[in-house]
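Here is the structure we will look at.
Residue numbers (the working numbering): 39 to 115.
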């Protein structure tokens, strides 16, 4: 919300407020196949890239994830 308020001229916009990565230790493609088997990929995704994408909020507002959960459980060393 803070990034939206601080951005002049934004008008009405919808953003996915999500972290950069999935909240599971399972690769994104595998999760998508398991839970959304009939939904095709329209682009390459990173190994643990978040589903849904937060690309728009990063590009338009400069969102930067501060707390990757993997860092706190020793998976992102």
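All residues carry an ideal CB built from backbone N, CA and C; glycine is no exception.
Note that this is a predicted model, so its numbers are computed, not measured.
For residue 40, the enclosing alpha helix (DSSP H) has its first and last residue at 40 to 43. If you keep only unbroken alpha helix (DSSP H) runs of at least 4 residues inside the stretch 44 to 83, you get 66 to 73. Three or more Cβ pairs closer than 8 Å define a contact, and the stretch 80 to 93 meets that threshold against the stretch 48 to 64.
In this structure, 69 is the residue among 41, 69, 77 and 40 with its C-alpha nearest to the C-alpha of residue 87. About 6 Å separates the beta carbon of residue 113 from that of residue 63, a gap short enough to meet the 8 Å contact definition.
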